[in-house]
Amino acid sequence: KFPTNAVIAAMTLVIKNNIFEFGDLYKLQNSGTAIGTSSACMWAENYFAIHENNTLLPRFQPSLLLFYQRFIDAFYIWLKHNNDNQHHQFCKTMDEFGSLRWE
């Protein structure tokens, strides 16, 4: 059996106690994934998988011939239907998940 509780406890320890160096300053990261740790990619992948499974696929799967997500990159083949706005909504739904915002 996979040790889910142990993995969650370990990830919580990494995320809540990530101290990084910037110049001559040491800072405690208080938001987001602890970038630079060996677990960062796995954490980000699992975090977004929840959004994929609960929101993206149930809502947009009829228009997705193929959807492949790895780390921060996505590859998909979109089937064009009568609703041109649906692809825009798909992109917007992907971008709105999480706390990171691009300017």
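First residue of the sequence shown? That's -14 in the working numbering, and the numbers climb one at a time after it.
Every residue gets a Cβ at the ideal spot worked out from N, C-alpha and C, and that includes glycine.
Quantities reported herein were computed from a predicted structural model and do not represent experimental measurements.
query                                                                                                                                                              : result
Report the rounded CA-to-CA distance for GLY21 versus ASP80, giving the unit in angstroms.                                                                         : 23 Å
State the Cα-Cα distance for the pair LEU(-8) and SER16, rounded to the nearest angstrom.                                                                          : The sequence given here has Val at residue -8, not Leu. Rounded to whole angstroms, VAL(-8) to SER16 spans 19 Å at the Cα level.
Applying the criterion that 16 or more other CB atoms from any shown protein chain within 10 Å of the CB defines a buried residue, is THR18 buried or exposed?     : buried
Tell me the rounded alpha-carbon separation between THR78 and SER23.                                                                                               : 28 Å
For PHE52, I'd like the list of residues in its chain whose CB is within less than 6 Å of its CB, leaving aside the five on either flank, ordered along the chain. : TYR61
Buried or exposed: where does LEU42 fall if 16 or more other Cβ atoms within 10 Å of its Cβ makes it buried?                                                       : exposed
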